Structures are given as structure tokens and as C-alpha cells.
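Q: Dumping the structure here so I can ask a few things about it.
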Amino acid sequence: MNYLSEARILELEEIARQIRVESIRMIYRRGSGHPGGALSAAEIIAVLFFDKMRHNPANPLWEDRDRFFLSKGHASAALYVALAKTGYFPAEDLWNWGELNCHLQGHPDRVKTPGVEMSAGPLGHGLAVGAGVAMAARLNKKRCRTYVLLGDGEMQAGIIWEAANVASKYHLSNLTAILDYNDVQLDGSVHDIMPLEPLADKWRAFNWNVIEINGHKIRQVRDALDLAEEVHSLPTIIIAHTTKGKGVSYMENSSKWHGAVPTAEQLEIAMRELNEAGGGI
Amino acid sequence: MSDMPQREAYGRALADYGDVNKKVVVLDADTSSSTLTHFFASRFPDRFFNVGIAEPCLVDFGVGLSLGGFIPFVNAFAAFLSLRAVEQVRTCVAYAETNVKLVGHYAGVSDFKDGPTHNCVMDLAVMRAMPKMTVIVPADNNEIINWLPVIAEHNGPLYFRMSRDKSLPVHTEGVKPEIGKGIWVREGNDVTLIANGAMLGRAVQAAELLAERKISAGVLEIHTLKPLDVEAICLAAAQSGAIVTAEEHTIIGGLGGAVAETLAVNCPVPLERVGIADRFPLTSKSADLLMDHMGLRVLDIVAAAEKALRRKER
């Protein structure tokens, strides 16, 4: 395992903070988007794009790159910020999000946006697609890894469990799923709408390696991603317990902020809270 | 190969093609002993994936393999590929422009034994409505064999639709078909029969019957429903002035629908559509019997041609 220094952790926390700030600004500017799920995934995306994954923004189709699939496509703002900050496209594009001549769609589009591995939006696709990509990597004798970021609402979709079967049948140990388990979906709490527990047991029953972490702790995220590579016969799911709307007090744990846009006053509060928090929220 | 069912011609040809093109991988949803992809599976076990009865996952898993540089042939019953997995097809194949070959088996009423739930008479309407999708309906075994390398080498989303059983042979082996380019099977000046799939052979028979009645009927095969050969359809309208379509599909949204749209916009002439009326099929003891019962007889084509002619002369 690759030990992260305290200084490196501070750097990644700062990147996660910037992902939150820019995501909210983008959503405010466009007048639409999904802030809650972008904020809950900020550390996971920061660690993957800025630390863990081998990728090359100058050559998005580099054959040996690790692949990232945002199955919960609603968190597109956070992904777009990460792609712009790592250099896949100019940061100015973020401010044109939603304009008819801008490549950035409401949900990620692999045809239009460099660095987006797969179009997403309708929930449930990422794991099955990721399993196919992981299988292709094996057939191609590539050592690259496939990462799929899932939402907890997606766990209610049948295709997730179809894909769980497939990944387990073929022992796709080069596939790592990360579940952003913030327990909030559009209509309310996940545990009210359609309870998922005992979730870890369900994944174990599907013959997956399960790691549970706090998804806002940089070191835990990185350690879990490293640990997943130590398992050589099973796919891994990292169940990352998170807070929807993390970092902005009035958005936290609220289904209202699944797909709402802050007012100018609310934006100011959000920016103040995120900036005041400095590196560690 | 004209004496075997379409699925067997496909299954054997796909296995042979697996030797030629190592990028081809084959997926199935617990139907490999029906679609006969098991021929490929036994030759290339490392390039065959049976995901069980899970068509949505089947499509998305295939999408992933295509992103990894392979050419997935995704096989399932047409009814479930085009309906149960339709959102996967829309989002991850058509919209995402992935290089996935969707192969719909047991289409039309050819799954006569299983009945209305397994018959599939609306898949072409669904697939044709999707931007970026290429839609091909081969007529017979030789054409299936001729298409295989063409569709494998075509880069992009594609739906290939087949019957369970034998169809009347029309084509010879070794002729390379062209996507979007109709085939003139027979010349004729009074009326043009535009057909595809299992109805092509019946259209040829209808043209022969019409000839006995001193009516000169041309036969145009529109194997590619999308992109549509508008030029050939307009040429047919200009030359004969009366059109009949014949398809093993609902008359809504398939070949009849496509030709109706084309004629209405470009070159209006009388059109009669032979196909399945707006109703569900039935269970039967043979595919031919069921086709006949559903209004797909050779005589139905003949009657439609005579009706179109009368309308033209009015």
C-alpha cells in the first residue's frame, strides 16, 4: 500500500473542497444540476483522479489507462470539475455548461466530452458496463483497473444485481465499485423509500469482496482502493458511508438538495461555509 | 445452407467467422442452444459470455467489451433484446455510439410455439426510431452468411434481425451486401413489391403469380431499414407508380411505415402494406401456418398488388 503523507492528504482535501465549490457554482450558473450527490462524492473523485488512477489527460484514449465510470451520472458537476482540473478540457468550459454549443451535457456524454468513458444518466448502467470493460482488459492482457462510482439509489435497480452476478461469475478482480452511500435519494431517505440493508451482507452473498469506509476520509478512501488490488479472485465493492450535500449545512442529509439550485443568498452561504472550512471539512 | 433454419446458418457462420476476426466476442442470455451461438462458444470458450436471463445486463456488458476494443455480437430473443433491454440499447448503444452488434433472434412470428409473448412484431419500429442505429433484416441463409463480415466491420450500433426457421431462399452465397443499398431482385413496370426478411421469398412468389395474370411486378429488397435507401424507393415509385410492402412485422413503424413516410414526402403513389395488423399474434403449430394466419400469405401480397394497381389506374 502507498502511504499518504499528511501533506498529501491536505492537498487532496483541498482538491475535494474545490470540487465542491466549483460544482455548486456550476449548478448555480446553469440554473440546474444535482448538488447533493456531487458533494457527497467529492473525496472519492478527488482521490481517484488526483492520486490513484493512472491516466493521461493529454491522451484520453491511452490504452493502459485506468477507467472511471460515473454510474451515478447525476453527479456530473463533480466529474466535470475533476476532468477540467486535470486538464482534459479548459476550465472555462465549466461555465458554459448547458449552453447549446458546449460539449458538457446535463449528464456525462462519452461522444462529446474528452475523458468521459461512458455516457450515463439513467441509473444502473455503470456496473454492467464496467464489468464488460474489466473483462476486455483481461482479454487484452492489460493491467489497468476499472472503477465504477455507484449511487445508493441505484442499488434498487435490478441490473445492478445482474451485473453483480456477472462480475462474480468471471472473478473480475480488476473491477472496483465504490458506493457513495449517502442514504438520500430524490423522494427522501433511501432507508424509507426502499431499504437496502443489510447491504454489505448482500454484496458478500453475491461473492464480492466488501470494504466499508467513511467516504469523506481521504486516507480511508485511498487505503480501500489499494486493498481492493490485493484481492485476486473477487471484484471489490467499497461501501463508502457519506453525507449527501456534505460541506454545506443546509444541504446536508436533505433530499430537497438532490436536484435543487441555490439562490444567490444560499450560494453565498455555501461559499462561505466551504471557504471557511479551509482544507478539512 | 438453404435447407437449414436461419439460426443454424447464423450460428455456424458466426463460429467460422470467429477464426477470421479475433476481435469478435459473442454474448448470450441463456439462449445459446436456441440462437445456436453455442457453435461459437465451443470453438472459442474464452470469447463467449453467457450472462444468464438478464438482457439489460447482457447489452451493457457487451457495451463494456466494445469500449475495450472488441466487437460484441449480443444475442437474445428479439422480443427481449428490443423491449426488455430497450433503455440499455437507447442509452449505452445508440446514444453512446458504441460498436455493438445486437442480434435479435426468433423475430416476427417465427417463435410460433411459444406464442404472443415470444413473437416479436414491433422490434423494428423500436430500433428504427433510434438515432445512430443501423437496422438490417436479412432474407435468407445465404444473405445472413454474406452479411456477417459486413456488419462486423461496420463501426457503430447495429441491429440484425433474424427468424427462428427456414425462409424461402433468394440469394446466393458470396455476394457482399451493402448497408443502406436496396437489392433489385426482379424488374417490373406495373407495381413494385418492396420486402425484407422472410417475406422477400414470398414476394418473389407473388411476383411470379402476378406475371401469370399479366401483371409485371418488380421486387425490391430493402434489407436495411435504417439508413433507408430512399433513392431506390423513389425509383420504384417512378418506374411502376404503385408500391406494396411486405414484412413480418406490424405495419406500424417498420418497412411499411418507412416506405409510407418516404413516398408521402418525396414521391406519392398508391401504397398497400402487407404485414401484421395492429394486433398480437397467436400460438401455432408452424411458423408458415402462423404467417399465413396473420395475413402474410403470398396471396395477400398478390391481392395487395392488384389493389394498388386499381388505385393507380383510377
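As given, the protein sequences belong to chains V and Z, one line each in that order. Note that the working numbering has the first sequence beginning at 1, numbered continuously upward. Note that the working numbering has the second sequence beginning at 1001, numbered continuously upward. All C-beta atoms in this analysis are idealised placements derived from N, C-alpha and C, irrespective of residue type, glycine included. Only a predicted model underlies this, so the values are computations on that prediction, with no experimental measurement involved.
#1: Counting pairs of Cβ atoms below 8 Å between the stretch 174-192 of chain V and the stretch 151-158 of chain V, do you hit three or more?
#2: Can you grab the Cα-Cα spacing for the pair Asp-1165/Z / Val-111/V, in whole Å?
#3: CB-CB under 8 Å to Trp-62/V, same chain, minus the five flanking residues each way: which ones, in chain order?
#4: Report the partner residues of Thr-146/V according to the DSSP bridge assignment.
#5: Would you mind stating whether Leu-1027/Z and Val-1093/Z have Cβ atoms separated by less than 7 Å?
#6: Which residue wins for smallest C-alpha separation from Lys-1312/Z, given the options Val-1302/Z, Glu-1261/Z, Ser-1240/Z and Phe-1280/Z?
#7: So Pro-1056/Z contacts chain V; which residues on that side make the cut at Cβ distance below 7 Å?
#8: Taking the C-alpha atoms as reference points, what is the distance between Cys-1057/Z and Asn-207/V?
#9: May I ask you to report which of helix, strand or coil DSSP gives Asp-1016/Z?
#10: Classify Lys-1113/Z as helix, strand or coil using the three-state DSSP reduction.
#11: So Ser-119/V contacts chain Z; which residues on that side make the cut at Cβ distance below 8 Å?
#12: Note down, in chain order, every chain Z residue with its Cβ under 7 Å from the Cβ of Arg-110/V.
#13: Which bits of chain Z does Asn-165/V rub up against, with CB to CB less than 9 Å?
#14: Look at Glu-252/V and Thr-243/V and say whether their C-beta atoms are less than 7 Å apart.
#15: How big is the Cα-Cα spacing for Arg-1084/Z and Arg-1314/Z?
#16: Please say whether Leu-1200/Z and Val-1170/Z have beta carbons closer to each other than 7 Å?
#17: Looking at the structure shown, is Tyr-1159/Z part of a helix, part of a strand, or coil, going by DSSP?
#18: Considering Cα atoms alone, identify which of Gly-115/V, Asp-192/V, Ala-264/V and His-171/V is closest to Ala-137/V.
#19: Which complete alpha helix (DSSP H) runs does the stretch 115-166 of chain V hold, if anything under 4 residues is left out?
#20: Which residues, in order along the stretch 132-162 of chain V, keep a beta-carbon less than 8 Å from a beta-carbon of chain Z?
#21: Among Val-1126/Z, Ile-1179/Z and Arg-1047/Z, whose alpha-carbon lies nearest the alpha-carbon of Asn-1146/Z?
#22: If we cut at 7 Å on Cβ distances, does Phe-1044/Z have a partner in chain V?
#23: Under 7 Å Cβ-Cβ, which residues of chain V neighbour Asp-1030/Z?
#24: In chain Z, which residues lie less than 8 Å from Pro-122/V when you measure between Cβ atoms?
#25: Does the beta-carbon of Met-194/V have 16 or more other beta-carbons within 10 angstroms, so that it is buried, or is it exposed?
#26: How would you write the range of the alpha helix (DSSP H) that Lys-1307/Z sits in, first residue to last?
#27: Compare the C-alpha of Ala-1029/Z against each of Asn-275/V, Ala-163/V, Asp-223/V and Leu-274/V and name the closest.
#28: Identify, in the order they occur along the chain, each residue of the same chain with its Cβ nearer than 7 Å to the Cβ of Ala-1237/Z, setting aside the five sequence neighbours on each side.
A: In terms of the structure at hand:
#1: yes
#2: Along the second sequence, read from residue 1 onward, the residue named residue 1165/Z stands at position 165. Along the first sequence, read from residue 1 onward, the residue named residue 111/V stands at position 111. Their Cα atoms are separated by approximately 39 Å.
#3: Position 62 of the first sequence, counted from the start, is the residue given in the question as residue 62/V. Result list for Trp-62/V: His-55 and Asn-56, in chain order.
#4: Numbered from its first residue, the first sequence carries residue 146/V at position 146. Partner(s): Arg-67/V and Leu-175/V.
#5: Position 27 of the second sequence holds residue 1027/Z. Position 93 of the second sequence holds residue 1093/Z. No, Cβ-Cβ distance for Leu-1027/Z and Val-1093/Z is not below 7 Å.
#6: The residue given as residue 1312/Z occupies position 312 in the second sequence. Among Val-1302/Z, Glu-1261/Z, Ser-1240/Z and Phe-1280/Z, the Cα nearest to that of Lys-1312/Z is on Ser-1240/Z.
#7: Here the question's residue 1056/Z lines up with position 56 in the second sequence. Chain V residues near Pro-1056/Z: Ile-159 and Glu-162.
#8: Taking the first residue of the second sequence as position 1, residue 1057/Z is located at position 57. Taking the first residue of the first sequence as position 1, residue 207/V is located at position 207. Approximately 18 Å between the Cα atoms of the pair.
#9: Position 16 of the second sequence, counted from the first residue, corresponds to residue 1016/Z. In this structure, Asp-1016/Z counts as helix in the three-state DSSP scheme.
#10: The count along the second sequence starts at 1 and reaches residue 1113/Z at position 113. Residue state, collapsed to three classes: coil.
#11: By one-based count along the first sequence, residue 119/V stands at place 119. Residues of chain Z passing the Cβ test: Thr-1091, Cys-1092, Tyr-1095 and Ala-1096.
#12: Working through the first sequence from its first residue, we reach residue 110/V at position 110. The answer, in chain order, is Ala-1096.
#13: Sequence index remark: in the first sequence, residue 165/V carries index 165 (1-based). Per Cβ cutoff of 9 Å: Val-1051, Gly-1052, Ala-1054 and Cys-1057.
#14: As a position in the first sequence, residue 252/V is number 252, starting the count at 1. As a position in the first sequence, residue 243/V is number 243, starting the count at 1. The answer is yes: Cβ separation under 7 Å.
#15: Numbered from 1 along the second sequence, position 84 holds the residue referred to as residue 1084/Z. Numbered from 1 along the second sequence, position 314 holds the residue referred to as residue 1314/Z. Between Arg-1084/Z and Arg-1314/Z, the C-alpha separation is close to 46 Å.
#16: Locating residue 1170/Z in the second sequence gives position 170, counting from the first residue. Locating residue 1200/Z in the second sequence gives position 200, counting from the first residue. Cβ atoms of Val-1170/Z and Leu-1200/Z: closer than 7 Å.
#17: Translated into positions along the second sequence, residue 1159/Z becomes position 159. Residue state, collapsed to three classes: strand.
#18: Looking up residue 137/V in the first sequence gives position 137. With distances taken between Cα atoms, Ala-137/V lies closest to His-171/V.
#19: 125-139
#20: Gly-132, Val-133, Ala-134, Met-135, Ala-136, Ala-137, Leu-139, Asn-140, Gly-158, Ile-159 and Glu-162
#21: Reading the second sequence from its first residue, position 146 is the one you call residue 1146/Z. Of the listed residues, the one whose Cα sits closest to Asn-1146/Z is Ile-1179/Z.
#22: In the second sequence, the residue the question calls residue 1044/Z occupies position 44. With 7 Å as the cut-off, Phe-1044/Z does not count as an interface residue toward chain V.
#23: Taking the second sequence and counting its residues from 1, the one referred to as residue 1030/Z is at position 30. Per Cβ cutoff of 7 Å: no residues; Asp-1030/Z is ~12 Å from chain V at best.
#24: The residue given as residue 122/V occupies position 122 in the first sequence. In chain order: Glu-1087 and Thr-1091.
#25: Working through the first sequence from its first residue, we reach residue 194/V at position 194. Exposed is the call here.
#26: Residue numbering aside, residue 1307/Z sits at position 307 when the second sequence is read from its first letter. 1298-1313 is the extent of the alpha helix (DSSP H) around Lys-1307/Z.
#27: One-based indexing of the second sequence puts residue 1029/Z at position 29. Answer by Cα proximity: Ala-163/V.
#28: Numbered from 1 along the second sequence, position 237 holds the residue referred to as residue 1237/Z. Counting only Cβ-Cβ distances below 7 Å, and skipping sequence neighbours, we find Ile-1243, Leu-1263, Cys-1267 and Val-1269.
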